[in-house]
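Colleague: My questions all concern the structure below.
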Amino acid sequence: MPLFWRIFLLNAVVLVAAAALLLGPVTVSTPVLLTEAAILTAGLAAMLVANAVLLRVNLAPLHRLSRAMTTADLLRPGVRPAAGGHGEIAELITVFNAMLDRLEQERATSSARALSAQEAERHRVAQELHDEVGQTLTAVLLELGRVAGQAPPGLREELHQAQEATRAGLDEVRRIARRLRPGVLDELGLPSALKALTAEFSGPGLTVRHRLGTDLPPLGHERELVLYRVAQEGLTNIARHAHARHAELALARTPAGVELRVGDDGRGIGHAPEGSGLRGMRERALLIGADLTVSPCPEGGTEIRLTVPVRSRRP
1 MPLFWRIFLL NAVVLVAAAA LLLGPVTVST PVLLTEAAIL TAGLAAMLVA NAVLLRVNLA
61 PLHRLSRAMT TADLLRPGVR PAAGGHGEIA ELITVFNAML DRLEQERATS SARALSAQEA
121 ERHRVAQELH DEVGQTLTAV LLELGRVAGQ APPGLREELH QAQEATRAGL DEVRRIARRL
181 RPGVLDELGL PSALKALTAE FSGPGLTVRH RLGTDLPPLG HERELVLYRV AQEGLTNIAR
241 HAHARHAELA LARTPAGVEL RVGDDGRGIG HAPEGSGLRG MRERALLIGA DLTVSPCPEG
301 GTEIRLTVPV RSRRP
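All letters in the sequence shown, in the order written, are residues 1 to 315 by the UniProt record's numbering.
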């Protein structure tokens, strides 16, 4: 029965009962007698209590739905309000849950297309940096070396400085190309790529250690790429914002799949809102059905955990 008719019939029953009592054994005198005032007060109180209880019970699912609407996040899927209540309230909650399912599916599809296009563009840019810019700088470096060998002593030192600047630029171009498209991931696999990643971020102000399991299950290219990108983004955030001295990257096998952990001893994320880096990690995690959590480290700093489910192959 719709909520309107339940409230209407309850009020009708109370009012009809009150009218029957007034027309029957109960009368209202002038001045009002104490017993008559008590009966009218009790009837009014009963009607108010009954209405309050009915509204509280029937509108409770709407309060849960309101909280779900204000806290819904497509990057944290799966949380749904229970389809409680009756009639149109239960139908409203069911329609809202169906809308969330559709939005999450559309978000996952669009994110997959966007990230696929992003990886393709990264591959193209990395290829052009390696083939075009890298070869050009290599040719300039060789030409400078040839000219320096024939130049007078006064000019030779300046040419050597130009050589060093060109060599530094060539190394930077190669480093950017490796970050855009990690060739070691395709050639040597995920553990070797993560080792190279920790070596790249280790420096005078930051020491990055790695703990990589040796019994990892077969992951596939898509899962390996997501794990690598999340580790890369996590270490990038540590190097840029955490003011940490030590960081650790760990990859281990779990009963359900694998778990990647990136932690540091920096200042922590605090109550700052999530930036584009963390949201990008969550979007990548959704592509492979993984779970990403960001929490404080026991020793300070921030810890990122990516739990990737892997289906075991039947023999």
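Ideal Cβ placement from N, Cα and C applies to all residues, glycine included.
All of these numbers come straight from a predicted model, not from anything done at the bench.
For PRO315, which of helix, strand or coil comes out of DSSP?
Modeller: Unreliable positioning characterises PRO315 in this predicted model, as indicated by a pLDDT of 41, which lies under 50. A coordinate reading is not provided.
Colleague: Can you check which of these residues, GLY234, GLU157, GLY268, is closest to LEU260 by C-alpha distance?
Modeller: The option with the nearest alpha carbon to LEU260 is GLY234.
Colleague: Out of GLY220, VAL95, LEU142, which has the shortest C-alpha to C-alpha gap to GLY189?
Modeller: Closest option to GLY189, Cα to Cα, is GLY220.
Colleague: Check whether the segment 114-127 touches the segment 85-99, taking contact to mean three or more Cβ pairs, one atom from each stretch, closer than 8 angstroms.
Modeller: As far as the Cβ criterion goes, the segment 114-127 does not touch the segment 85-99, which means the pair count is below three.
Colleague: Run the CB neighbour count on ARG209, radius 10 Å, all protein chains shown included, and call it buried at 16 or more, exposed below.
Modeller: So ARG209 counts as exposed.
Colleague: Check the DSSP bridge columns for GLY263 and list the partner residues they point to.
Modeller: GLU248, GLU303.
Colleague: Please state whether DSSP places THR207 in a helix, a strand or coil.
Modeller: Three-state result, THR207: strand.
Colleague: Less than 7 angstroms between the C-beta atoms of ALA108 and LEU251, yes or no?
Modeller: No, Cβ-Cβ distance for ALA108 and LEU251 is not below 7 angstroms.
Colleague: Helix, strand or coil, according to DSSP, for GLY213 in the structure here?
Modeller: Three-state result, GLY213: coil.
Colleague: Let's test the definition: count the other Cβ atoms within 10 Å of the Cβ of PRO296 and tell me whether it reaches 16, buried, or not, exposed.
Modeller: Exposed, since its Cβ has fewer than 16 Cβ neighbours within 10 Å.
Colleague: Whose CA, out of GLU143, VAL173, ASP171, GLU172, lies closest to the CA of HIS160?
Modeller: The shortest Cα separation from HIS160 among GLU143, VAL173, ASP171, GLU172 belongs to GLU143.
Colleague: Based on Cα-Cα distance, which residue from ALA177, GLY149, ALA148, ALA72 lies nearest to GLU132?
Modeller: Considering only alpha carbons, the answer is ALA177.
Colleague: Cβ atoms of ALA242 and ALA266: under 7 angstroms apart, would you say?
Modeller: A small fix is needed here, since residue 266 is Gly in this sequence, not Ala. Yes, these two residues count as a Cβ contact at 7 angstroms.
Colleague: Let me know the secondary structure DSSP gives GLY289 once reduced to three states.
Modeller: If DSSP states are grouped into helix, strand and coil, GLY289 belongs with coil.
Colleague: Anyone know if the C-beta pair for GLY268 and GLU248 falls short of 7 angstroms?
Modeller: For GLY268 and GLU248, no; Cβs fall outside 7 angstroms.
Colleague: Whole-angstrom Cβ separation of ILE89 and ASN58, contact assumed at under 8 angstroms?
Modeller: Yes, ILE89 and ASN58 are in contact; Cβ-Cβ is about 7 angstroms, under 8 angstroms.
Colleague: What's the gap between the Cα of ALA68 and the Cα of ALA196?
Modeller: Roughly 43 angstroms between the two C-alpha positions.
Colleague: Roughly how many whole angstroms lie between the Cα atoms of LEU185 and ALA114?
Modeller: Taking the straight line from one Cα to the other gives about 21 angstroms.
Colleague: Using 8 angstroms for Cβ pairs, my map puts PRO81 next to LEU65. What's the rounded Cβ distance?
Modeller: Going by Cβ atoms, the distance from PRO81 to LEU65 rounds to 5 angstroms, so yes, they are a contact pair.
Colleague: Tell me whether the beta-carbon of ALA231 lies closer than 7 angstroms to the beta-carbon of LEU180.
Modeller: Not in contact: ALA231 and LEU180 (Cβ atoms no closer than 7 angstroms).
Colleague: DSSP three-state call for VAL147: helix, strand or coil?
Modeller: The answer is helix: DSSP assigns VAL147 an H, G or I state.
Colleague: Can you look up VAL294 in the DSSP assignment and give me helix, strand or coil?
Modeller: Residue state, collapsed to three classes: strand.
Colleague: Determine the direct distance from the alpha carbon of THR94 to that of ARG284, and round the result to whole angstroms.
Modeller: Using only the alpha carbons, I get a separation of about 28 angstroms.
Colleague: Hey, how far is the Cα of GLN150 from the Cα of ARG211?
Modeller: Approximately 51 angstroms, taken between the alpha carbons.
Colleague: Straight-line CA distance for PRO315 to PRO217?
Modeller: Its pLDDT being 41, under 50, PRO315 is placed unreliably by the model, and nothing is read from it.
Colleague: Which residues in the same chain as GLU222 place their Cβ atom closer than 8 angstroms to its Cβ, once the five residues preceding and following it in sequence are excluded?
Modeller: Cβ within range, chain order: LEU287, ILE288.
Colleague: Going along the chain, which residues of its own chain have a beta-carbon closer than 8 angstroms to the beta-carbon of LEU55, five neighbours each way excluded?
Modeller: Closer than 8 angstroms at the Cβ level, and outside the excluded window around LEU55, lie ILE7.
Colleague: Identify, in the order they occur along the chain, each residue of the same chain with its Cβ nearer than 8 angstroms to the Cβ of VAL206, setting aside the five sequence neighbours on each side.
Modeller: In the sequence as presented, Val is not what sits at residue 206; that position holds Leu. If we look at LEU206 and ignore the five residues flanking it on each side, its Cβ neighbours are ILE238, ALA239, ALA244, ARG245, HIS246, ALA247.
Colleague: Are ARG253 and GLY280 closer than 7 angstroms when you measure CB to CB?
Modeller: No; because the gap between Cβ atoms is not below 7 angstroms, this pair is not in contact.
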